[in-house]
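Quick note: the sequence shown uses numbering that gives the first Met the number 0, first residue 0, plus one each step.
Heads up, the beta-carbon is just placed ideally off N, CA and C, and yes, glycines get one too.
Structure record follows, encoded as structure tokens.
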Amino acid sequence: MATKKTKPLSSPTLEVRGIEFRRGRSILKGIDWRVERGQHWCVLGPNGCGKTSLINIITGYDSATDGSIEIDGSHYGDDDWREVRKRVGIVASTLTVMLESSEPVIDVIASGRDAKLNLWEPPPESLRKEARTLLKKFGCAYLAGALWGPLSQGEKQKVLICRALMAKFRVLILDEPCAGLDPVAREHFLNWLQEISARKGSPSLVMVTHHVEEILPCMTHVLVLKSGGVLAAGPKSEVLTSKCLSEAYGAKVTLQHRGPRYQLFVNS
């Protein structure tokens, strides 16, 4: 009798196992986290819980003290992480200060293909054409002739997402993307992100934020960190509760629905 073969499980978009990180003290303590294809995650937690350190390790800007990282089937240490990083888009405030004010917006976007900053030579016209197409696709064609420095914070965030889209990435990490935006600009930007998530072939989104109000309907899962460890991880409907967030922040809080979004109140 023939034995039915089991179809092998596909590799995750992102998986970290047993991640430890020490810099004079223990910052991350055995983080296990798996992002499957098609999932969109929000990462929450109080200041100092390890959110930024985790993102820096995933993107290769810091090295874990222990543990393993897999992105789209590639393992840190076994594969050239400079190539792997091209599959991870990142939008973070650190990039806004690393880019020179005189850098043309088109060059900022085009340089995303090879994950480079501040190009010495203009990129090939083929990449510049792709960059212009992305700007037009996302309603930012008017920025095609602009320089990086004078852009508003919201425009810079959009340009950085277009830059990330130049790479053939599997996951887009947004590290507090709404920092510095006024309330109206924030809502415009979040609506834009929601539209991106609905596009065919969109990458898995990982959004780091301090504010539950910024958690979009497209977010399917939530990772909550506390004191360098995982407090909770799983589907949004199960993890995002008043009880969990009260434990995370060490204060009594109440989470309420506000339409398809959320609002958090600290109880006096």
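Open item on the list: Among the candidates Gly17, Ser241, Val207, Arg22, whose CA atom is the shortest distance from the CA of Trp40?
Closed with: Val207
Task: When Ala145, Ile105, Pro149 are compared against Glu129, the one with the closest alpha-carbon - done: Ile105
TODO: Please check the pair Ala109 and Pro122, which I expect to be a contact at CB under 8 Å, by giving their CB distance rounded to whole angstroms.
DONE: 4 Å
Open item on the list: For Phe188, report the span of its alpha helix (DSSP H) as first-last.
Closed with: 182–197
Task: Buried versus exposed, by CB contacts within 10 Å (16 or more), Asp65 - done: exposed
Task: the segment 190–205 / the segment 235–251 touching (three or more Cβ pairs under 8 Å) - done: no
Open item on the list: One question on the structure: do Ile30 and Val229 come within less than 7 Å of each other, judged by their Cβ atoms?
Closed with: yes
Open item on the list: Could you compute how far the alpha carbon of Trp32 sits from the alpha carbon of His210?
Closed with: 21 Å
TODO: Write down the C-beta distance between Val15 and Ile68 rounded to the nearest angstrom, noting that I regard them as a contact closer than 8 Å.
DONE: 5 Å
Open item on the list: Checking the sheet assignment: what are the DSSP bridge partners for Trp147?
Closed with: None; Trp147 has no bridge partner.
TODO: Could you tell me the distance, in whole angstroms, from the CA atom of Lys6 to the CA atom of His74?
DONE: Only weak support exists for where Lys6 lies, its pLDDT of 36 falling under 50; the value from the coordinates is given anyway. For Lys6 and His74, the distance between alpha carbons rounds to 22 Å.
TODO: Compute the distance between the beta-carbons of Pro11 and Val42, then report whether it is under 7 Å.
DONE: no
Task: Rounded separation between Arg198 and Leu150 - CA only - done: 26 Å
Task: Residues bridged to Glu69 (per DSSP) - done: Glu14, His74
Open item on the list: Measuring only the C-alpha atoms, how far is Val265 from Leu180?
Closed with: 23 Å
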